[in-house]
Amino acid sequence: MNNYYKYHIFICLNQRDDGAQCCSQFNALNIFDYMKQKIKSLNLRGKGLVRINRSGCLDRCSEGPMLVVYPDAVWYTFVDETDIDEIIESHIINNIAVERLMI
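The numbering of the sequence shown is the working numbering, which starts it at 158 and goes up by one.
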């Protein structure tokens, strides 16, 4: 079976009402917007390429912020745009997981 996308990336944007730790507390929405724009600017968006979606809770709140790359099922944490650039360059473009960011 062929995948519609080479990579489907889910970024947790969950926000908890009780004040408990969650990905939205760590600039996840801005990182989501940045990653979408970066993928688009590199012409990596679309069928057969890369899709980035918002995600609800990925249930790894204490390790967040969090994103997961499918079909590889590689889970990453990140701090800033530099980490996202490294994930794109290494994992998405060169098929090499970024071990220092994996959880």
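Each residue gets a CB set at the ideal place from its N, CA and C atoms; glycine is no exception.
Outcome for residue i when other beta-carbon atoms lying within 10 angstroms are tallied against a minimum of 16
{"i": "R208", "result": "buried"}
{"i": "I250", "result": "exposed"}
{"i": "A185", "result": "buried"}
Rounded Cβ spacing between residue i and residue j (contact assumed at less than 8 Å)
{"i": "G221", "j": "T239", "result": "Actually they are not in contact, since the Cβ atoms of G221 and T239 sit about 17 Å apart, beyond 8 Å."}
{"i": "L201", "j": "Y162", "result": "Not confirmed; about 10 Å, so no contact."}
Sequence-distant residues of its chain with Cβ nearer than 6 Å to residue i (five each side left out)
{"i": "L215", "result": "C169, M223"}
{"i": "F167", "result": "N210, S212, V225"}
Own chain partners of residue i with C-beta closer than 8 Å, once the 5 adjacent residues on each side are dropped
{"i": "V231", "result": "V225, H248, A254, M259"}
{"i": "I241", "result": "I188, Y191, M192, K195, F235"}
Nonlocal neighbours in the same chain, by C-beta distance under 7 Å from residue i, ignoring five residues either side
{"i": "Q172", "result": "C179, S181"}
Give, in chain order, every unbroken run of the alpha helix (DSSP H) that is at least 4 residues long and sits entirely within the stretch 183-253. 185-198, 238-243
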